[in-house]
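What follows is the structure, given as structure tokens:
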């Protein structure tokens, strides 16, 4: 448990250092208000749209969906990878084909997504 | 009392690591700027100190004393949170990276790492993914067109490489049989994992370049199109944390992970094991070589378009990573 405990302490220390940097900046920096300083960056012309919180394009949604799918598959592959060497000494064929049936189904889904054009940046 | 001692000990050690990383990152900026300068046939920083040696300190002071601006339209809480979310996860990877074996000085055993948890590699991958939120939040909270587009592009690129990265690290794990980064290094005392994991190595090089936003893949701030990308609205230290986290801390720790996965960590170079050089020195030599490789790529190649990069991730890198699993499985079954 000491390992995870150390990680938590490291996280707290890193957050404190990050916050401290922002606070020091706020204390040291001059404050010279300017009427236009809070204006959203644009190339010198008044803003056309007041907000940029618009609806997103569909391509981002599709890529996000694919990420969930394939990252979950990776999460199943990694434990298999960790025990592969140990089991391969007992029965190599079993663990090999077991995973490659799984990967084959994954690749079928991958090919389907590719053929449907989901990997295309539309 | 014993717990209190442990807490104080670990906290001091964490602070030493963090401050050390800050100083290293500060001087890595100088290394990068000098390198970039000479790549482009100009001298780089030259006037602050001898050949620009004090330039990082001048930069740090400058970034700390600039006015702290928040745009009127921005979501103030998320705006501040974004720079913390970019910085904290990248430095968290440092906590799981082992820099060498424990050694003794004056009777004290010194452990050159914060923690050696048995899922170290997964934690490193997870922290790498969390730093993505910093970029997305920065884009969203700024409430401005250029940061928004930059943040979304970076997100789209990163999730593609995330998948390939997840499958690529399966190769070294299969050979080492553990997720512990220390265990992976100890498993490489004979042959380094670059053989037969060469395909995974290629995938990880691309993934690190994408994750740290270095040039062939720096679509998130493509300065000719997006002004400054997701940091357009940022100023002062809020801005400073982004390049610090991405370009220096993240590149540094991800180079360390690359060295650990493929180049044997602190094991000496082949045929040079008889030299009286401690393991940590070997580790930093290899780390620096990999870091300079990323700089070399950054300052040499032009930028790809964002559609080319995402399609490269899904259509080339993912099949390569899967092929690597297959190759390594057969390698282990033949050579044990």
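Protein chains in written order, with our numbering: chain A, 9 to 130; chain B, 741 to 1076.
Ideal Cβ placement from N, Cα and C applies to all residues, glycine included.
Residue i versus residue j - alpha carbon distance
| i | j | result |
| --- | --- | --- |
| residue 774(B) | residue 901(B) | 30 Å |
| residue 1000(B) | residue 1006(B) | 8 Å |
| residue 805(B) | residue 21(A) | 23 Å |
| residue 29(A) | residue 1075(B) | 52 Å |
| residue 865(B) | residue 906(B) | 8 Å |
| residue 127(A) | residue 950(B) | 18 Å |
| residue 95(A) | residue 936(B) | 20 Å |
| residue 760(B) | residue 985(B) | 14 Å |
| residue 743(B) | residue 10(A) | 10 Å |
| residue 37(A) | residue 801(B) | 10 Å |
| residue 34(A) | residue 976(B) | 9 Å |
| residue 890(B) | residue 914(B) | 37 Å |
| residue 51(A) | residue 1047(B) | 26 Å |
| residue 786(B) | residue 912(B) | 43 Å |
| residue 63(A) | residue 888(B) | 11 Å |
| residue 829(B) | residue 1053(B) | 23 Å |
| residue 821(B) | residue 874(B) | 8 Å |
| residue 1055(B) | residue 789(B) | 49 Å |
| residue 1023(B) | residue 98(A) | 35 Å |
Proximity winner among the options, relative to residue i (alpha-carbon distances)
| i | options | result |
| --- | --- | --- |
| residue 66(A) | 892(B), 931(B), 839(B) and 966(B) | 892(B) |
| residue 1020(B) | 1070(B), 837(B), 986(B) and 786(B) | 837(B) |
| residue 894(B) | 879(B), 885(B) and 749(B) | 879(B) |
| residue 1029(B) | 758(B), 747(B) and 771(B) | 771(B) |
| residue 910(B) | 105(A), 81(A), 45(A) and 128(A) | 81(A) |
| residue 1069(B) | 78(A), 33(A) and 101(A) | 101(A) |
| residue 927(B) | 751(B), 778(B), 1003(B) and 989(B) | 1003(B) |
| residue 1039(B) | 777(B), 758(B), 764(B) and 842(B) | 777(B) |
| residue 45(A) | 786(B), 788(B), 993(B) and 807(B) | 807(B) |
| residue 763(B) | 797(B), 752(B) and 785(B) | 797(B) |
| residue 872(B) | 921(B), 793(B), 919(B) and 970(B) | 970(B) |
| residue 922(B) | 996(B), 792(B), 1055(B) and 1049(B) | 996(B) |
| residue 869(B) | 832(B), 815(B), 1057(B) and 789(B) | 832(B) |
| residue 989(B) | 852(B), 913(B) and 834(B) | 834(B) |
First through last residue of the alpha helix (DSSP H) which encompasses residue i
| i | result |
| --- | --- |
| residue 846(B) | Unbroken run through residue 846(B): none, as it is neither H nor E. |
| residue 79(A) | 66 to 96 |
| residue 1020(B) | 1019 to 1040 |
| residue 40(A) | Neither: residue 40(A) is in no alpha helix (DSSP H) and is coded neither H nor E. |
| residue 1071(B) | 1058 to 1075 |
| residue 800(B) | 795 to 804 |
| residue 862(B) | 860 to 882 |
| residue 895(B) | 885 to 908 |
| residue 779(B) | 742 to 779 |
| residue 986(B) | Taken as a continuous stretch (DSSP letters only), residue 986(B) belongs to no alpha helix (DSSP H), as it is neither H nor E. |
| residue 122(A) | 100 to 123 |
Listed by chain order, chain A residues near residue i by CB distance under 7 Å
| i | result |
| --- | --- |
| residue 978(B) | 30 |
| residue 754(B) | 17, 18 and 21 |
Supposed close pair residue i, residue j - CB separation, criterion 8 Å
| i | j | result |
| --- | --- | --- |
| residue 1064(B) | residue 931(B) | 16 Å between Cβ atoms; not a contact. |
| residue 881(B) | residue 819(B) | 4 Å |
| residue 811(B) | residue 973(B) | 5 Å |
| residue 748(B) | residue 14(A) | Residue 748(B) to residue 14(A), Cβ: 12 Å. No contact. |
| residue 861(B) | residue 919(B) | 5 Å |
| residue 1073(B) | residue 104(A) | 7 Å |
Contact set between residue i and chain B, taken where Cβ atoms lie within less than 7 Å
| i | result |
| --- | --- |
| residue 3(A) | Shown here, chain A extends from 9 to 130; a query on residue 3(A) therefore has no answer. |
| residue 119(A) | Within chain B, no residue comes near residue 119(A); the closest Cβ sits about 10 Å away, beyond 7 Å. |
Chain-ordered neighbours of residue i on chain B, where CB pairs are closer than 9 Å
| i | result |
| --- | --- |
| residue 39(A) | 807 and 808 |
| residue 115(A) | 1059 and 1062 |
8 Å Cβ cut-off: residues of chain B touching residue i
| i | result |
| --- | --- |
| residue 64(A) | 892 |
| residue 68(A) | 892, 895 and 896 |
Under 8 Å by beta carbon: chain A residues contacting residue i
| i | result |
| --- | --- |
| residue 812(B) | 46, 47 and 48 |
| residue 883(B) | 48, 59, 60 and 61 |
Listed by chain order, chain A residues near residue i by CB distance under 9 Å
| i | result |
| --- | --- |
| residue 993(B) | The contacting residues do not exist; residue 993(B) stays about 12 Å from chain A at best. |
| residue 1007(B) | Going along chain A, no residue has its Cβ under 9 Å from residue 1007(B), so there is no contact; the nearest lies around 19 Å. |
| residue 747(B) | 13 and 17 |
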